[in-house]
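The sequence shown lines up with residues -20 to -1, 1 to 308 when you count with mature numbering (1 follows the signal peptide of the UniProt record, and there is no 0). Each residue gets a CB set at the ideal place from its N, CA and C atoms; glycine is no exception. Note that the coordinates shown come from a computational prediction; the quantities given were computed from them, not determined experimentally. Let me begin by presenting the structure, written as structure tokens, before commenting on it.
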Amino acid sequence: MLPRYSIAAALAAAPFLVTALATPSLAEKKLIASLQGPIETSYGAAFQEMDKCLRERTDGEVFVEIYPDRQLGDLTETFEQVREGTVDMAAVAPGMMAEFMPEIQVFVIPFIFRDFDHWKEIVNGEVGDDISSLTREKLPEIRILGYYGGSVRQLVTKEPVESIDDVQGLVMRLLPSEVLHTAWSAVGASPTVMAYGEVYNGLQLGVIQGLENEPEWIARMKFYEQAPNIALTEHEIVTRPFIFSEKTLQSLPEEQQQAVLECGKVSAEFEQEMEHGLDQKYLKELTDEHGVNVTTIDKAAFAEKISEAMGPFVDEIGLTDLAGRIRQ
């Protein structure tokens, strides 16, 4: 965990300002957005869309200041900062919330979504709303404004994977999620937790042999330099809750609160389309420009093994009803 003073120091440093700088008046409210990657990503563009929407709906009284490239901390630190209200908004992995809100893990059950349209229908519909409502009960410090995501996760490895036999004993970096660890253990992998910023070195040193990731981030993080093989498992459509500090939200006048809620949905829907559209672009870049070896595998073999293991586990942690609603 970063020491407390590092947050203040980072905030004092020159951030990426979304639009032209101006000295804020006493009536203006600056919102801090923490971004894990560079501004030139779908998440960065979505935060900019949030800023644009808020400025328009509040006559410039509310605006967003973006701190990219983990300036304010990694995902775990960012999640805690949003809970505390020292950071106002961020997009986080469901695993960050699972300790307090196990239901959110339903989004990372492998092969639960048929395709992008099905995923959008779920996260933007009743199931997404119900998860958001449950979060308000179990994690009252944060509000889910919407869901970022829409790209497809693949298996990235140092050695080629052509069948389920090739993942036996594979030391694989995963996010801290019981669902993910149960699923990948079921197909014979050896899951381990590692901070995202340490993955490249972990691959280079042989501490891990692979990970799951979407093409954009395989390219941006240059994982292909150490793990030049992608198996098209297509096991997960990425879901990243777009969270906002409840402390900050309640400090705003009612009209500004409503603007935050409405603009959160605008930002999320914008991000979904952009992120989905980048998948094939980056996959082509990885093969054409970086020589990545892409293999098509028998997804059914993976899905069968995972389904056998996940059934009892999903029931144990209370996801059966939600999973059933998604699969309808």
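Query	Result
Opening and closing residue of the beta strand (DSSP E) in which residue 317 lies	No statement about residue 317 is possible, as the shown extent of the chain runs from -20 to 308 and does not include it.
Helix, strand or coil at residue 9 [DSSP, three-state]	strand
Candidates 157, 68, 79, 88: closest to residue 124 by CA position	68
Which listed residue (70, 128, 111) has its alpha carbon closest to that of residue 96	128
Where residue 20 falls: helix, strand or coil (DSSP)	coil
9 Å Cβ cutoff, residue 306 in contact with chain B	Chain labels in this structure do not include chain B; a single protein chain is all it has.
Anticipated Cβ contact below 8 Å, residue 121 with residue 63, distance rounded	4 Å
Residue 170 versus residue 83: straight-line alpha-carbon distance, rounded	24 Å
Helix, strand or coil at residue 30 according to DSSP, with G and I counted as helix	helix
Residue 262 to residue 161 span [Cα, whole Å]	27 Å
With 16 other Cβ atoms within 10 Å as the buried cut-off, status of residue 181	exposed
Residue 297 versus residue 41: straight-line alpha-carbon distance, rounded	43 Å
Rounded separation between residue 88 and residue 74 - CA only	8 Å
Anticipated Cβ contact below 8 Å, residue 77 with residue 208, distance rounded	With a Cβ gap of about 33 Å, residue 77 and residue 208 do not count as contacting.
From 145, 299, 55, 20, residue whose alpha carbon lies closest to that of residue 176	55
Spatially closest choice to residue 22 from 277, 200, 267, 264, by CA coordinates	200
For residue 70 and residue 46, believed in contact at Cβ under 8 Å, the rounded distance	Residue 46 to residue 70, Cβ: 10 Å. No contact.
At least 3 beta-carbon pairs within less than 8 Å: the region 238 to 249 vs the region 15 to 33	yes
Nearest-angstrom beta carbon gap, residue 147 and residue 219 [assumed within contact, 8 Å]	Rounded, the Cβ-Cβ distance is 23 Å, inconsistent with contact.
Buried/exposed call for residue 11, threshold 16 Cβ in 10 Å	buried
Whole-angstrom C-beta distance between residue 302 and residue 211, which should lie under 8 Å	Incorrect: roughly 28 Å between the Cβ atoms, too far for contact.
Residue(s) in a DSSP beta bridge with residue 228	Answer is none; residue 228 lacks a bridge partner.
Residues near residue 293 by beta carbon distance below 7 Å, same chain, minus five either side	162
Run of the beta strand (DSSP E) containing residue 184, from where it starts to where it stops	Unbroken run through residue 184 is the alpha helix (DSSP H), 179 to 185; no beta strand (DSSP E).
Assigned secondary structure, residue 303 (DSSP; H/G/I helix, E/B strand, else coil)	helix
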